[in-house]
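Peer 1: Residue numbers (the numbering used here): 187 to 500. For every residue, glycine included, the Cβ atom is placed at its ideal position computed from N, Cα and C.
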Ligand SMILES: C[S@@+](CC[C@H](N)C(=O)[O-])C[C@H]1O[C@@H](n2cnc3c(N)ncnc32)[C@H](O)[C@@H]1O
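#1: State the start and end residues of the unbroken beta strand (DSSP E) segment that holds residue 315.
#2: Label residue 336 either buried or exposed according to how many other C-beta atoms from any shown protein chain fall within 10 Å of its C-beta, with 16 as the threshold for buried.
#3: Grab the span of the alpha helix (DSSP H) containing residue 311 for me, first residue to last.
#4: DSSP state of residue 431, grouped into three classes?
#5: I need the straight-line Cα distance from residue 356 to residue 324, nearest angstrom please.
#6: Should residue 294 be labelled buried (16 or more other beta-carbon atoms within 10 Å of its own) or exposed?
#7: Compare the beta carbon distance of residue 353 and residue 344 with 8 Å and say whether it is the shorter of the two.
#8: Measuring from the CB of residue 460, is there a heavy atom of ligand 1 at a distance below 7 Å?
#9: Tell me whether residue 394 is buried or exposed, calling it buried when 16 or more other Cβ atoms sit within 10 Å of its Cβ.
#10: DSSP three-state label for residue 457, please.
#11: Go through its chain and collect everything with a Cβ distance to residue 329's Cβ below 6 Å, but skip five positions before and after it.
#12: Could you pull out every residue in the same chain whose Cβ sits closer than 6 Å to the Cβ of residue 273, ignoring the five residues on either side in sequence?
#13: For my contact list, residue 399 and residue 473 are in at a C-beta cut-off of 8 Å; report their separation, rounded to the angstrom.
#14: Can you tell me whether residue 376 is buried or exposed, with buried defined as 16 or more other CB within 10 angstroms of its CB?
#15: For ligand 1, is there any heavy atom lying closer than 7 Å to the beta carbon of residue 267?
#16: So residue 457 and residue 389 are in contact, right, with Cβ under 8 Å, and what is the actual spacing, rounded?
#17: With a threshold of 8 Å on Cβ separation, who are the neighbours of residue 217 within its own chain once the five nearest residues in sequence on each side are excluded?
#18: Is it buried or exposed for residue 412, if we count other Cβ within 10 angstroms and need 16 for buried?
#19: Quick check on residue 345: does DSSP put it in helix, strand or coil?
#20: Do the region 442-454 and the region 415-424 make contact, defined as three or more Cβ pairs closer than 8 Å?
#21: How would you label residue 380, buried or exposed, when you count the other beta carbons within 10 angstroms and need 16 or more for buried?
#22: Residue range of the beta strand (DSSP E) that residue 365 falls in?
#23: Hey, would you say the C-beta of residue 278 is under 7 Å away from at least one heavy atom of ligand 1?
#24: So residue 492 packs on residue 426, CB below 8 Å; how close in whole Å?
#25: In the DSSP output, what is residue 380 paired with across the bridge?
#26: Looking only at C-alpha atoms, which of 338, 476 and 298 sits nearest to residue 310?
#27: Buried or exposed, going by whether 16 or more other CB atoms sit within 10 Å of the CB of residue 361?
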């Protein structure tokens with residue numbers, strides 16, 4: 187595990203993303219603007235920087251930010267932006283009942299260690315208010331419930347009713363009486379007031395969100411001054427030979443396991459593709475800074491397969 191809290195570098199060579207498609211991919215990435223979107227990065231960055239006090243960071247040139255225009259990506263498919271939410275919803279309605287067992291199988295249980303690492307970085311304390319966005323079946327919320335104790339409060343929130351129902355049943359069975367369950371879109375976090383949480387987390391959720399910049403801004407809005415945001419998400423492996431093996435595993439084993447266990451190979455193909463389309467470590471850090479978060483850093487886990495990004499509202 188390493189902390190790679192670097193500033194984007196300025197040489198063109200250093201800032202170009204690796205555009206060589208993996209030999210294990212049978213489709214190349216969508217063509218056109220980054221992530222198959224029509225808006226230029228410069229346009230998107232200007233539009234999303236709503237607060238002129240927010241320092242302007244130079245994202246790596248050609249960075250895949252996930253900024254949305256008329257079209258966006260769903261895995262490697264280029265689709266109308268308005269269709270993405272529905273397509274992601276279908277994936278999670280389909281996998282909800284098998285989600286936990288598939289997570290253990292696909293990651294050999296390592297997702298538990300990644301989550302434990304993120305929880306340790308949260309600095310959560312008794313009496314605090316925590317919002318877990320895209321919280322699904324509630325792995326993080328369950329631990330936070332215990333950590334904040336009876337004087338604290340946790341909100342497990344997700345856009346998808348099937349996933350949230352599994353999480354709610356599980357946490358109620360576990361006796362978590364200080365948790366609320368709220369359907370909410372990460373892009374707006376509409377049910378939540380400004381400056382209302384000490385800690386906001388999103389674990390393996392951000393890559394599914396259509397407008398990631400809007401979501402980061404909403405996360406910043408609901409954090410109290412002094413509060414922290416943690417993003418646990420798949421990222422870009424930092425060791426090339428390992429990345430090739432990982433590609434082979436992702437594009438063959440994951441859909442096969444999905445077929446055998448959840449009778450749904452397509453959703454697990456989407457999982458593998460959506461990971462490849464997600465902003466890499468440095469790009470996501472820049473996006474957090476653009477949303478107003480400060481002192482942002484990240485830690486690579488398992489050679490960058492996953493990264494935990496952290497930022498503060500000061
Ligand atoms: C891979 S699961 C992660 C669940 C859980 N956080 C975990 O780490 O195991 C992704 C979750 O993101 C949710 N999601 C997708 N788009 C969302 C959005 N726009 N707003 C909120 N949640 C969203 C899905 O419904 C799903 O429950």
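Peer 2: Taking the geometry as given:
#1: Counting along the chain, the beta strand (DSSP E) containing residue 315 begins and ends at 315-319.
#2: With fewer than 16 Cβ atoms within 10 Å of its Cβ, residue 336 is classed as exposed.
#3: Per DSSP, residue 311 belongs to no alpha helix (DSSP H) and is neither H nor E.
#4: It is helical.
#5: Using only the alpha carbons, I get a separation of about 8 Å.
#6: Counting C-beta atoms within 10 angstroms of its own C-beta, residue 294 has fewer than 16 neighbours from the protein chains shown and is therefore classed as exposed.
#7: Their beta carbons are under 8 Å apart, which means residue 353 touches residue 344 by this criterion.
#8: Relative to the non-hydrogen atoms of ligand 1, the Cβ of residue 460 never comes closer than 7 Å to any of them.
#9: By the 10 Å Cβ count, residue 394 comes out buried.
#10: The answer is helix: DSSP assigns residue 457 an H, G or I state.
#11: Take residue 329, set aside five residues on each side of it, and the residues of its chain with a beta-carbon closer than 6 Å to its own are 305, in chain order.
#12: Within the same chain, residue 273 has close Cβ partners 260.
#13: Residue 399 to residue 473, Cβ: 6 Å. Contact.
#14: Its Cβ having fewer than 16 others within 10 Å, residue 376 is exposed.
#15: Outside the cutoff, so no.
#16: The C-beta distance from residue 457 to residue 389 rounds to 14 Å, too long to fall under 8 Å, and the pair is not in contact.
#17: With a pLDDT of 32 at residue 217, under the threshold of 50, the modelled position of that residue is not reliable, and no figure is offered here.
#18: Here residue 412 is exposed. Its C-beta has fewer than 16 other C-beta atoms within 10 Å.
#19: DSSP places residue 345 in the coil class of the three-state scheme, outside both helix and strand.
#20: Short answer: they don't touch.
#21: When all chains shown are included, residue 380 counts as exposed.
#22: Its beta strand (DSSP E) spans residues 365-369.
#23: Under cutoff, so the answer is yes.
#24: Contact annotation, residue 492 with residue 426: C-beta distance approximately 17 Å; criterion of less than 8 Å not satisfied.
#25: None, per the DSSP bridge assignment.
#26: When only C-alpha atoms are compared, the closest one is 338.
#27: Counting Cβ neighbours within 10 Å, residue 361 comes out exposed, since fewer than 16 surround it.
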